[in-house]
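Let me begin by presenting the structure, written as structure tokens, before commenting on it.
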Amino acid sequence: MKTLLQMHDVHAYYGAAHILHGLTLQVGEGERVALIGRNGVGKTTAINTLMGVARLGDGEIRFNDVPIHKAMPYIPAQFGLAIVPQGRCIVANLTIEENLLLGAARQRPGPWNLNEIYRLFPILKERAHTPGTALSGGQQQMLAIGRALMANPSLMILDEPTEGLAPVIVDQLADTLNGVTRQGMAILLIEQNLGLVARTTSRYYAVEKGRITASGSVNPDHIKELYSHIAV
Ligand SMILES: Nc1ncnc2c1ncn2[C@@H]1O[C@H](COP(=O)(O)OP(=O)(O)O)[C@@H](O)[C@H]1O
Ligand SMILES: [Mg+2]
5 MKTLLQMHDV HAYYGAAHIL HGLTLQVGEG ERVALIGRNG VGKTTAINTL MGVARLGDGE
65 IRFNDVPIHK AMPYIPAQFG LAIVPQGRCI VANLTIEENL LLGAARQRPG PWNLNEIYRL
125 FPILKERAHT PGTALSGGQQ QMLAIGRALM ANPSLMILDE PTEGLAPVIV DQLADTLNGV
185 TRQGMAILLI EQNLGLVART TSRYYAVEKG RITASGSVNP DHIKELYSHI AV
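Taking the numbering used here as reference, the numbering of the sequence shown is continuous, increasing by one, and the terminal residue is 236.
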């Protein structure tokens with residue numbers, strides 16, 4: 005299996021604050037991987053380092069075998085990485101359709117376009133010309149996922165997508181993720197909802213204090229064994 009994302013011994017900083025302490029992980033083509041851990045351990049920072057928001061000190065990040073030393077948001081996008089950020093980051097003064105088109109700014113060839121996103125999430129079509137923030141939390145999450153898919157990514161990273169969502173919406177999210185990955189797209193799912201992890205991923209990494217402290221396969225029948233990594 006070809007490696008898509010490789011983070012090797014990554015140390016990352018916000019100013020002088022040293023947040024990631026040698027984090028190593030990889031995601032292969034078409035893989036469905038979870039990144040779990042308590043609040044504040046550095047999960048979002050791992051993504052921010054990819055995007056150049058946190059500073060990469062020592063270590064190496066490669067995407068599609070291309071080193072990302074001086075990360076710039078468009079570089080990973082160009083090579084097929086799309087992010088569904090924590091908190092969704094819907095642009096308030098753009099319509100739903102404009103938010104979706106933002107995701108296509110670096111569109112690569114692939115199955116996803118406006119029509120296909122509207123087929124997946126009909127509510128987005130109904131509301132296409134209303135402001136993105138006029139949606140409920142669950143609908144905004146659909147929009148954030150739709151926006152990421154518009155790039156036709158080979159890897160989609162989702163940062164705590166279930167935050168603030170009702171259980172029935174989490175069920176829909178599981179179905180959505182299983183549907184979109186069936187075509188071979190890889191996902192890296194940052195999540196504390198182990199039910200969603202069990203239903204959508206096959207392998208996990210657990211983060212503690214800025215490094216990986218456990219990893220293995222996700223066994224849906226023994227998902228409670230992972231609970232210690234997220235319990236406070
Ligand atoms: N922009 C920032 N500047 C300084 N410190 C930050 C910033 N963002 C997060 N941190 C700190 O980095 C640590 C890891 O945060 P984060 O990666 O957001 O954790 P997680 O996503 O696992 O909850 C926390 O101690 C947090 O306070
Ligand atoms: Mg976070």
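Note that the Cβ used here is the ideal one computed from N, Cα and C, for glycine as well.
Residues bridged to residue i by DSSP?
i    : result
H22  : Y17
G220 : Y208
E64  : H12
T99  : P135
G32  : T7
R3   : With the chain covering only 5 through 236, there is no way to say anything about residue 3.
R186 : Paired residue(s): none; R186 is not in a bridge.
R59  : Y17
L27  : V14
Could you spell out the range, first to last residue, of the beta strand (DSSP E) harbouring residue i?
i    : result
D163 : 159–163
I132 : One point to set straight first is that residue 132 is Ala, not Ile, in the sequence displayed. Premise fails: A132 is in no beta strand (DSSP E) and is neither H nor E.
I121 : Unbroken run through I121 is the alpha helix (DSSP H), 118–124; no beta strand (DSSP E).
A86  : 85–88
A38  : 36–40
I194 : 190–194
Using only alpha-carbon positions, find the residue among the options that is nearest to residue i.
i    : options                : result
A16  : L9, L27, K6, L8        : L27
K213 : I40, R186, F67, R36    : I40
M5   : V31, V172, Y18, L24    : V31
D179 : Y208, G220, A109, F125 : F125
S221 : L230, R207, G188       : R207
V174 : R131, G19, G141        : G141
E167 : L9, F83, L200          : L200
A108 : T49, F83, A152, H12    : A152
L12  : P71, V95, A170, A81    : Before going further, note that residue 12 is His rather than Leu in the sequence given. Out of P71, V95, A170, A81, P71 has the C-alpha closest to the C-alpha of H12.
Y18  : V57, T7, P115          : V57
Q187 : P115, G44, Y231        : P115
A21  : L177, L230, G61        : G61
What residue range is occupied by the uninterrupted alpha helix (DSSP H) comprising residue i?
i    : result
I72  : Premise fails: I72 is in no alpha helix (DSSP H) and is neither H nor E.
K228 : No alpha helix (DSSP H) holds K228; DSSP gives it neither H nor E.
G150 : 141–153
P113 : Premise fails: P113 is in no alpha helix (DSSP H) and is neither H nor E.
N52  : 47–54
My guess is that residue i and residue j are in contact by the Cβ rule of under 8 Å, so how many angstroms apart are they, rounded?
i    : j    : result
I216 : L29  : 6 Å
A210 : A218 : 4 Å
I234 : R42  : 6 Å
N156 : R112 : 5 Å
I121 : M154 : 6 Å
L24  : T49  : 6 Å
Q82  : R59  : Actually they are not in contact, since the Cβ atoms of Q82 and R59 sit about 21 Å apart, beyond 8 Å.
G34  : A190 : 5 Å
V37  : T205 : 6 Å
L106 : V95  : 7 Å
So, is the C-beta of residue i closer than 8 Å to a C-beta in chain B?
i   : result
G91 : You won't find chain B in this structure, because it holds only one protein chain.
Q.
Would you call the stretch 147–162 in contact with the stretch 184–195, where contact means no fewer than 3 C-beta pairs closer than 8 Å?
A. The stretch 147–162, when compared against the stretch 184–195, does touch it at the 8 Å Cβ threshold.
Q.
Across the stretch 132–140 and the stretch 92–111, are there enough close Cβ pairs to call them in contact, namely three or more that are closer than 8 Å?
A. Taking 8 Å as the limit for Cβ pairs, the verdict is that the stretch 92–111 does touch the stretch 132–140.
Q.
If contact is defined by three or more beta carbon pairs under 8 Å, each pair taking one atom from either stretch, is the stretch 64–72 in contact with the stretch 168–184?
A. Judged by Cβ distances under 8 Å, the stretch 168–184 makes no contact with the stretch 64–72, as fewer than three pairs qualify.
Q. At a cut of 8 Å, does the stretch 82–89 reach the stretch 146–159 through at least three beta carbon pairs?
A. Contact holds: three or more Cβ-Cβ distances are below 8 Å.
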